[in-house]
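Just so you know, we're using this note's numbering here: the sequence shown kicks off at 733 and counts up by one.
Note that beta-carbon positions come from the ideal geometry of N, C-alpha and C, so glycine has one too.
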Amino acid sequence: MLGDDAEDESEECAFAFFSPVEIPGEPTNPKEAWEGPNGKEWKKASDEEMGSIIENDTFDLVNLPPGRKAISSKWLFKRKTDADGNIERYKSRIVAAGERVAKYLGQTATVGLQYSAAAQRRQKGADGVEPGRLFLTAFSDASWASEPEDMTSVGGFICCVGGGPTAWESKKQVDQALSSVESEYMALFRAIREVVWQRRLLAELGEEQQGPTPLYSDSQGAIALAKNPVLHGLTKHMKVKWHWVRSVVT
733 MLGDDAEDES
743 EECAFAFFSP
753 VEIPGEPTNP
763 KEAWEGPNGK
773 EWKKASDEEM
783 GSIIENDTFD
793 LVNLPPGRKA
803 ISSKWLFKRK
813 TDADGNIERY
823 KSRIVAAGER
833 VAKYLGQTAT
843 VGLQYSAAAQ
853 RRQKGADGVE
863 PGRLFLTAFS
873 DASWASEPED
883 MTSVGGFICC
893 VGGGPTAWES
903 KKQVDQALSS
913 VESEYMALFR
923 AIREVVWQRR
933 LLAELGEEQQ
943 GPTPLYSDSQ
953 GAIALAKNPV
963 LHGLTKHMKV
973 KWHWVRSVVT
């Protein structure tokens with residue numbers, strides 16, 4: 733049995749164990765970073781960033797042309813932590829200010845590519861596509877558990893019409909993949925969703941696709957999973973939406 737003293741000690745220990753540890757917020761500018769509580773660490777991270785930029789010949793020093801303004805830059809500061817919230821590394825990055833970039837994009841919103849009937853690229857290859865048609869192809873890929881912070885995967889795809897890219901994506905997958913096959917399978921899902929939309933768009937533009945659209949993947953496991961209509965122990969934990977792939981794969 734525990735006496736009163738032992739019980740009091742256990743309560744004190746529990747209180748100490750759950751006591752929160754306050755971590756300073758991340759700085760928003762160089763002055764806060766370099767003159768703050770962790771100024772030494774932030775300065776070291778900034779020096780490493782500038783050293784890397786110079787070493788890799790990221791830019792050339794040139795005279796500013798008359799009538800032009802240089803794009804301003806901004807320092808970004810971020811702490812990298814482990815699964816327990818302990819600080820592993822101080823990271824510092826310098827980037828071009830987004831305001832001017834956004835303004836440029838707004839002023840050039842009408843600039844783009846225009847395909848006319850005379851300029852459409854035609855192709856005929858091993859897939860037997862007849863001349864005079866824009867052929868849609870797609871590629872998907874994924875890297876399993878490539879994000880060191882949370883061990884999530886990154887998936888991506890690219891769609892091409894007539895040999896030219898029309899849509900692409902590379903982003904972190906929200907769901908945790910338990911294997912490389914799962915991450916590739918989820919990448920297939922996002923690629924197929926884009927393919928379905930582009931096939932409908934091409935049909936409206938008078939370029940209806942004849943036959944299925946080839947989607948290339950380097951994962952035999954994901955391809956086999958997409959063709960298998962049976963849910964088994966290795967896939968029953970996956971969200972139902974991912975298995976929509978099977979309804980459109982031939």
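With DSSP run on the structure shown, which of helix, strand or coil describes glutamate 758?
Stepping through the sequence shown from its first residue, residue 758 is reached at position 26. If DSSP states are grouped into helix, strand and coil, glutamate 758 belongs with coil.
Should arginine 853 go down as buried or exposed, given a rule of 16 or more other Cβ atoms within 10 Å for buried?
Taking the sequence shown and counting its residues from 1, one reaches residue 853 at position 121. With a pLDDT of 49 at arginine 853, under the threshold of 50, the modelled position of that residue is not reliable, and no figure is offered here.
Using DSSP's beta-bridge definition, name the partner residues of arginine 922.
Taking the first residue of the sequence shown as position 1, residue 922 is located at position 190. Its beta-bridge partners do not exist; DSSP assigns none.
Starting from lysine 772 and walking both ways along the alpha helix (DSSP H), at which residues does that stretch end?
Position 40 of the sequence shown, counted from the start, is the residue given in the question as residue 772. Here the alpha helix (DSSP H) through lysine 772 covers 771-787.
For glutamate 901, name the three-state secondary structure that DSSP assigns.
Taking the sequence shown and counting its residues from 1, the one referred to as residue 901 is at position 169. Of the three classes helix, strand and coil, the one that applies to glutamate 901 here is strand, per DSSP.
Rounded to whole angstroms, what's the CA-CA distance from serine 911 to alanine 815? Just pull it up for me.
To locate residue 911, count along the sequence shown from 1; it is residue 179. To locate residue 815, count along the sequence shown from 1; it is residue 83. Rounded to whole angstroms, serine 911 to alanine 815 spans 20 angstroms at the Cα level.
In terms of alpha-carbon separation, which member of Val794, Gly953, Gly894 lies closest to aspartate 873?
Here the question's residue 873 lines up with position 141 in the sequence shown. It is Gly953 whose Cα lies nearest to the Cα of aspartate 873.
On the DSSP bridge list, what partners appear for isoleucine 826?
Looking up residue 826 in the sequence shown gives position 94. Answer by DSSP bridge pairing, in chain order: Trp807.
Run through DSSP, which three-state label would serine 994 get?
Missing from the structure shown is residue 994; the chain here goes from 733 to 982 and no further.
Helix, strand or coil, according to DSSP, for arginine 800 in the structure here?
Sequence index remark: in the sequence shown, residue 800 carries index 68 (1-based). Here arginine 800 sits in coil by DSSP.
Let me make sure I understand the geometry here. Which of Ser915, Tyr948, Val893 has the alpha-carbon closest to that of leucine 937?
Position 205 of the sequence shown holds residue 937. Comparing Cα positions, the closest option is Val893.
Under a Cβ-count criterion, where at least 16 other Cβ atoms within 10 Å of its own Cβ denotes burial, should leucine 934 be classed as buried or exposed?
The residue given as residue 934 occupies position 202 in the sequence shown. Per the 10 Å Cβ criterion, buried.
On the three-state DSSP scale, how would you describe lysine 763?
As a first step, residue 763 must be located in the sequence shown, where it is residue number 31. Correct three-state label for lysine 763: helix.
Use the C-beta contact count for tyrosine 948: other C-beta atoms within 10 angstroms, 16 or more gives buried, fewer gives exposed.
Here residue 948 refers to the residue found at position 216 when the sequence shown is read from its first residue. It counts as exposed.
In or out: methionine 782 buried (at least 16 other Cβ within 10 Å) or exposed?
Your numbering for residue 782 matches position 50 in the sequence shown. Exposed, because fewer than 16 other Cβ atoms sit within 10 Å of the Cβ of methionine 782.
Label alanine 802 either buried or exposed according to how many other C-beta atoms from any shown protein chain fall within 10 Å of its C-beta, with 16 as the threshold for buried.
Here residue 802 refers to the residue found at position 70 when the sequence shown is read from its first residue. Classification of alanine 802: exposed, given that the 10 Å Cβ count is below 16.
Suppose contacts are defined by Cβ-Cβ distances below 8 angstroms. Is phenylalanine 809 in contact with glutamate 767 by that definition?
Here residue 809 is taken as the residue at index 77 of the sequence shown, counted from 1. Here residue 767 is taken as the residue at index 35 of the sequence shown, counted from 1. Contact flag unset, no.
With a floor of 3 residues, list each beta strand (DSSP E) that falls wholly inside the region 875-900, ordered by position along the chain.
Whole beta strand (DSSP E) segments, 3+ residues: 886-893.
For a quick check, are the C-beta atoms of alanine 919 and phenylalanine 889 less than 8 angstroms apart?
Working through the sequence shown from its first residue, we reach residue 919 at position 187. Working through the sequence shown from its first residue, we reach residue 889 at position 157. Yes, Cβ-Cβ distance for alanine 919 and phenylalanine 889 is below 8 angstroms.
Considering only the beta carbon of each residue, do serine 778 and tryptophan 807 sit closer than 8 angstroms?
As a first step, residue 778 is located in the sequence shown; it is residue number 46 there, counting from the start. As a first step, residue 807 is located in the sequence shown; it is residue number 75 there, counting from the start. Closer than 8 angstroms, so yes.
Please confirm whether threonine 813 and threonine 869 have their CB atoms less than 8 angstroms apart.
The sequence position of residue 813 within the sequence shown is 81, counting from 1. The sequence position of residue 869 within the sequence shown is 137, counting from 1. Not closer than 8 angstroms, so no.
If you run the structure through DSSP and keep just helix, strand and coil, what is serine 912?
To locate residue 912, count along the sequence shown from 1; it is residue 180. If DSSP states are grouped into helix, strand and coil, serine 912 belongs with the helices.
Flag this pair as yes or no: are the beta carbons of alanine 958 and tyrosine 917 separated by less than 8 angstroms?
As a position in the sequence shown, residue 958 is number 226, starting the count at 1. As a position in the sequence shown, residue 917 is number 185, starting the count at 1. Cβ atoms of alanine 958 and tyrosine 917: closer than 8 angstroms.
Relative to the alpha-carbon of tryptophan 929, which residue among Ser824, Cys891, Gln905, Arg825 has its alpha-carbon at the smallest distance?
Stepping through the sequence shown from its first residue, residue 929 is reached at position 197. It is Cys891 whose Cα lies nearest to the Cα of tryptophan 929.
If you draw a straight line from the C-alpha of phenylalanine 749 to the C-alpha of glutamate 773, how long is it?
In the sequence shown, the residue the question calls residue 749 occupies position 17. In the sequence shown, the residue the question calls residue 773 occupies position 41. Legend: pLDDT at phenylalanine 749 = 44, less than 50; position of this residue unreliable, value from coordinates given subsequently. So the two alpha carbons sit approximately 28 angstroms from each other.
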